[in-house]
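There are 2 protein chains.
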Amino acid sequence: MADKIESIAILGGTGDLGGGLARQWSRAGFKILIGSRTLEKGQAAAAALLAEFPDLNVTGHENLDAATQADLVVLTVPFAHQLSTLETVKQGLSGKILIDVTVPLVPPKVGTVQLPEKGSAAVMAQELLGADVQVVSAFQNVGAVHLQEDHKIECDVLVTGNKRAAREIVIELVEAVGLRGWHAGPLANAAAAEAMTSVLISINRHHGIDGAGIVISGEAKG
Amino acid sequence: MADKIESIAILGGTGDLGGGLARQWSRAGFKILIGSRTLEKGQAAAAALLAEFPDLNVTGHENLDAATQADLVVLTVPFAHQLSTLETVKQGLSGKILIDVTVPLVPPKVGTVQLPEKGSAAVMAQELLGADVQVVSAFQNVGAVHLQEDHKIECDVLVTGNKRAAREIVIELVEAVGLRGWHAGPLANAAAAEAMTSVLISINRHHGIDGAGIVISGEAKG
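Just so you know, the protein sequences line up as chains C and U, in that order. Numbering follows my numbering, with no gaps: position 38 of the first sequence is 38. Numbering follows my numbering, with no gaps: position 74 of the second sequence is 1074.
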């Protein structure tokens, strides 16, 4: 693992959430490698961001190329493509942190929790990748719309992973996009954050809210 | 189901969370039946509350007696006793709402999500009780300490259940104790709220917080 993260690959960086993270992190000074299934789509997403902010360090790639070149890799593809994408890029992840943003939504009932086989998509990713990759789960509850806009985002990020040092690096990246990150326990706890997304979708529907999020409350012990 | 809830049985009402709910609801004007495995323990818990607030309508009972007499029943026993307690009181629940507060914590690793067989303790309760009882899941993320004290509680309550009308009644009871309740979707979504408790325990530990809770953020659509 690189001591200092300077470059971040965003696999699925052409989507709403990945694109939002690319936008925020590149503006925070990171080198961003937008990965896609084809080089052309990755380059088009990079070009769109550069058209708006010409000074950013953003390039487009195929997923494996992006993963191999970057210090840290973020996965933001739909659940249906999670494991197949990881198979494609596995050789580029060795020794790195993978931030898995996958939410195991199963259409059409995306407002209903439908737990995956292992209870958590992030746990499935860790099992596929093995101990050589440190999977950290984060960002499941942040509406993509919030990362596209430039207003204050009122949504905390639950950061789960089996190693504290890896969670700490991810929390720094969370703070770099203006959000608050929390040490939320081992990777098994990603089940809670992943399932919470269906709860937030239900709350949006029933209460007429656009982009409900969660905020952790509580006072530090005196 | 009673159109208007006037009396509430709290099974496990001698514990911290059940005792806190008894304290808050009785002071809000509800008749409270504190249930326990023995009549003596139920009566002792009622007597303790009455010693502090003599004018309340609080009585102590065996669990089945409490469940049978009340308009609505709340289950606040440890996970290990959830299904056995429900077997004991099942005949008293017919046609009623059961608020299941069970959190499937498995000691000693209570800060790690360990999903139960069906993903959710509340779903297990509904399967045991059948369609004649409306199980609604709530209050998993509220620290008992907050209900014992009389300060403003900064923690929202996710209310899940398969019928909107039943959720609505429970949300009114949530509001009666000074909390904000949310329609959080079908009972399957209780998995998220139940698992979140282990996340909050992890956050308490890692961040030195006493009683972390969750608050839903988001603005109503204009």
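C-beta: ideal position from N, C-alpha, C; glycine also. Keep in mind it's a predicted model, so treat the numbers as computed, not measured.
Put simply, the CB of G15(C) is far from chain U, with every gap to its CB atoms at 9 Å or more. Scanning chain C for C-beta atoms nearer than 7 Å to the C-beta of E1087(U) yields nothing, as the closest lies near 26 Å away. A distance of 9 Å or more separates the beta carbons of V1058(U) and I1099(U). Per the Cβ contact rule, the segment 183-193 of chain C is in contact with the segment 1182-1199 of chain U (3 or more Cβ pairs under 8 Å). Under the Cβ criterion of 9 Å, L173(C) is not counted among the residues facing chain U. For the segment 178-192 of chain C, the beta-carbon criterion of a distance under 9 Å to any beta-carbon of chain U is satisfied by W182, H183, A184, G185, P186, A188, N189, A190, A191 and A192.
Residue contact with chain U for M196(C): present (Cβ-Cβ distance below 9 Å to some residue of chain U).
Under a criterion of Cβ atoms nearer than 7 Å, no residue of chain C is adjacent to A1125(U); the nearest Cβ is some 16 Å distant.
Taking CB atoms only, V1101(U) has no neighbour in chain C less than 9 Å away.
Chain C places no beta carbon closer than 9 Å to that of L1011(U), leaving this residue out of the contacts. Q69(C) is positioned such that its CB atom lies no closer than 9 Å to that of L147(C). Taking C-alpha positions only, V1157(U) is separated from E1087(U) by approximately 27 Å.
At a cut-off of 9 Å between C-beta atoms, S137(C) does not count as an interface residue with respect to chain U. In summary, P1107(U) is exposed, with fewer than 16 beta-carbon neighbours lying within 10 Å of its beta-carbon over all protein chains present. For V1215(U), the closest Cβ of chain C is nearer than 9 Å. The segment 83-109 of chain C contains, as complete beta strand (DSSP E) runs of 3+ residues, the segments 97-100 (chain order). In this structure the segment 11-27 of chain C touches the segment 35-46 of chain C; the number of beta carbon pairs closer than 8 Å is three or more.
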